[in-house]
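As numbered in this note's numbering, residues 619 to 1041 make up the sequence shown, in order.
Take a look at the structure below.
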Amino acid sequence: MKITGIDPDGQLAGLVRHGDKLLNINGQPVRDIIDYRFLSAEDELELEFKRGGESYLLKIERDPFEFLGLEFAPMKPGLCGNDCLFCFVDQNPPGVRNSLKIKDEDYRFSFLYGNFITLSNLGKAGIDRIIRCRLSPLYVSVHAMNITTRNRLLNRGKDDGFHRKFRALIEGGIKLHTQVVIVPGCNDGEILVDTLEKLANFHPGVASIGLIPVGLTKYREGLPPLRPLTPAEASDIIELSNIFRERFTKELGGALVYCADEMFLLAGEPIPENEYYGDFPQLENGVGMARFFLDEFHQEAEAFPAAIDFPHKMLLVTGTAFAPFIEREVIPILRKIDGIKVELAAAPNSFFGETVTVAGLLAGRDILSALNGKRADLIVLPPDCLNRDGLFLDDLSLDEFQNIIGIRTIVFDSSFLEIFAYF
């Protein structure tokens, strides 16, 4: 593993150089960051590095209050071998950047970042390593416990041993957070009932079940015909999940099943209270994000000023799904502050198609279109609409966005009090 950074406060500062390669720890090869973390946890370490064409050894005793301080080049993910009927990557617009075309399927990324995996490319060696290194929890896309239905959804010609692998991980002590992407006419109805009942049999190994509406873009030419959930179907799924939540709470001591925020928004039903989500096990999967945001907002609102010194107008940008929620729950409280004018801009998604309604998948030019003709002192963009390089999905940069719109623009980062500091 090539060293790309060295923390000056780390134990290895001054002993290794940028560009050196870490080969082994205590005689065991270091293949990736998982090995590095697992093997470097010992009290005494013998590390073998390579610099140029020569190897060298370092022997150290770990200080429990310090860290080694090495940074490495990012891992490349393993690739997915499935051809899922609803794969979002297959529904990308033409010409998107290469990073949006990657279909990752890697248990390491599941453990480190919460990426969902199907287990299809997971072999015995991977299962053994997961159990040995205690890579728990993992996040697993189940979609259906009926193997025929699952193979249809994953577009697989034969069984990939899913049930065997799933059971092996749980019997090995690995906790699994699972998701079921609901495709109407495929894995809803009795198939969904079967899936929930069978997954519950693996509790507490199965720690949560997220029910997610299928996401479909306008780019489905040549792909199997699918349709999104209707509001009535979303409402039926919420009702079904509530029946199971009540049953599981009595039988298992926890609700286990959680509907995504998008399910409630689609059904036109209120976002549940905090208690619904337990410890928010699938927050990054869009399950409970609206409630978490709202609770944080209400807590912060207690410290909002009664007025600001100079009048300002603020434009809040969001997707069409979230807009009624923001208009109802957030805007009235902000408008109580004397001197602040707040306008909400709901941006339709033409980049993927208007069936894609979440704010995090808005392209820069779609937001520009939604703001055309609007004036303000500050534009506040939704979180996660820019990547780590500061680019929208259509490769427009934030600086380019600001130059076009001519208004100072920031990305919301959890705090309205921080936004007020811009005024």
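For each residue, glycine too, the CB sits at the ideal point set by N, CA and C.
The structure presented is a predicted model; accordingly, all values stated were derived computationally and were not measured.
Let me check one thing: in DSSP terms, what residues is residue i bridge-paired to?
| i | result |
| --- | --- |
| Tyr876 | Gly828 |
| Pro647 | Asn642 |
| Ile1129 | As displayed, the chain neither begins before 619 nor continues past 1041, which places residue 1129 out of reach and without an answer. |
| Glu672 | Arg669 |
| Thr736 | Note: Thr736 sits in no beta bridge, so no partner. |
| Thr1027 | Ile997 |
| Glu1059 | Residue numbering for the chain in the displayed model covers 619 to 1041; residue 1059 lies beyond these limits and cannot be assessed. |
| Lys677 | Glu664 |
| Asp722 | Leu697 |
| His795 | Tyr757, Ser826 |
| Asp956 | Ala925 |
| Leu1009 | Ser1015 |
Quick check: the Cα distance between residue i and residue j, rounded to an integer number of angstroms?
| i | j | result |
| --- | --- | --- |
| Glu945 | Ile1023 | 23 Å |
| Glu679 | Leu688 | 16 Å |
| Gly637 | Lys677 | 20 Å |
| Ile955 | Glu914 | 18 Å |
| Arg715 | Phe727 | 21 Å |
| Pro822 | Glu684 | 35 Å |
| Gly779 | Ser738 | 8 Å |
| Leu979 | Val798 | 21 Å |
| Leu686 | Gly628 | 5 Å |
| Val948 | Leu912 | 8 Å |
| Lys776 | Leu844 | 22 Å |
| Asp722 | Tyr674 | 35 Å |
| Arg752 | Lys783 | 16 Å |
| Leu962 | Lys742 | 52 Å |
| Ile855 | Val811 | 10 Å |
| Lys816 | Asp1002 | 34 Å |
| Arg909 | Cys877 | 12 Å |
| Leu986 | Asn1021 | 11 Å |
| Asp1013 | Thr736 | 30 Å |
| Gly803 | Phe734 | 23 Å |
| Gly623 | Pro950 | 47 Å |
| Glu891 | Gly937 | 22 Å |
| Asp681 | Asp746 | 30 Å |
| Gly957 | Leu1016 | 27 Å |
| Asp653 | Ser717 | 25 Å |
In terms of alpha-carbon separation, which member of the options lies closest to residue i?
| i | options | result |
| --- | --- | --- |
| Val760 | Arg983, Ile800, Ala981 | Ile800 |
| Glu857 | Gly807, Ala977, Glu869, Phe898 | Gly807 |
| Arg993 | Ser738, Gly982, His916, Lys931 | Lys931 |
| Ile809 | Ala825, Glu891, Ile765 | Ile765 |
| Ala786 | Leu665, Gly775, Tyr654, Ile748 | Ile748 |
| Asn710 | Leu934, Ala981, Met619, Asp995 | Ala981 |
| Leu847 | Leu1009, Thr973, Asp1002 | Thr973 |
| Phe970 | Leu633, Tyr837, Ala878, Asp701 | Tyr837 |
| Ala873 | Leu962, Gly896, Phe1041 | Gly896 |
| Gly991 | Ile1025, Asp1017, Val960 | Ile1025 |
| Phe656 | Tyr674, Gly632, Cys698, Leu730 | Leu730 |
| Arg774 | Gly699, Cys877, Leu834 | Gly699 |
| Pro831 | Ala908, Leu753, Phe704, Thr1027 | Phe704 |
| Thr1027 | Met763, Met693, Leu1004, Asp1012 | Leu1004 |
| Leu841 | Gly871, Lys742, Leu771, Asp661 | Leu771 |
| Thr975 | Lys959, Val960, Pro942 | Pro942 |
| Thr691 | Ser658, Ile621, Gly732, Asp681 | One detail in the question is off: residue 691 reads as Ala in this sequence, not Thr. Checked all of Ser658, Ile621, Gly732, Asp681; the closest Cα to Ala691 is Ile621. |
| Gly671 | Leu1035, Asn733, Pro890, Lys639 | Lys639 |
| Ile959 | Ile624, Phe1038, Ser1015 | The sequence shown places Lys at residue 959, not Ile. With distances taken between Cα atoms, Lys959 lies closest to Phe1038. |
| Asp661 | Asn644, Asp650, Lys668 | Asn644 |
| Asn805 | Thr767, Ile788, Gly833 | Thr767 |
| Ser1032 | Thr938, Met907, Pro712, Leu933 | Met907 |
| Ile651 | Leu794, Met619, Pro682, Asp984 | Met619 |
| Gly791 | Arg1006, Met763, Pro755 | Pro755 |
| Phe1010 | Glu851, Lys793, Asp984, Gly696 | Asp984 |
Taking residue i as part of the beta strand (DSSP E), name the residues at either end of that continuous run.
| i | result |
| --- | --- |
| Ser759 | 756-759 |
| Phe690 | 688-690 |
| Lys783 | That residue, Lys783, is in no beta strand (DSSP E); its alpha helix (DSSP H) goes 780-789. |
| Thr975 | Looking at the DSSP string, Thr975 is not in any beta strand (DSSP E), and its letter there is neither H nor E. |
| Ile856 | Unbroken run through Ile856 is the alpha helix (DSSP H), 849-870; no beta strand (DSSP E). |
| Ser623 | For the record, residue 623 in the displayed sequence is Gly; it is not Ser. Element bounds for Gly623: 621-624. |
Assuming residue i is part of the alpha helix (DSSP H), what are its boundary residues?
| i | result |
| --- | --- |
| Glu1018 | 1016-1023 |
| Pro929 | Premise fails: Pro929 lies in the beta strand (DSSP E), 925-937, not in any alpha helix (DSSP H). |
| Ile1037 | 1034-1038 |
| Ser987 | 982-989 |
| Val763 | The sequence given here has Met at residue 763, not Val. Taken as a continuous stretch (DSSP letters only), Met763 belongs to no alpha helix (DSSP H), as it is neither H nor E. |
| Ile749 | 742-750 |
| Val811 | 807-818 |
| Ala589 | There is simply no residue 589 to check, as the chain begins at 619 and stops at 1041 in what is shown. |
| Pro890 | Note, Pro890: premise wrong, no alpha helix (DSSP H); not H, not E. |
| Arg946 | 941-947 |
Counting Cβ pairs closer than 8 Å, one from the segment 920-937 and one from the segment 851-867, do we hit at least three? Inter-segment contact for the segment 920-937 and the segment 851-867 is absent: fewer than three beta-carbon pairs are separated by less than 8 Å.
Check whether the segment 893-906 touches the segment 825-840, counting contact only when three or more Cβ pairs, one atom from each stretch, lie closer than 8 Å. Counting Cβ pairs under 8 Å, three or more are found: they touch.
Do three or more CB pairs link the segment 995-1014 to the segment 881-894 at distances below 8 Å? They do not touch, by the three-pair rule.
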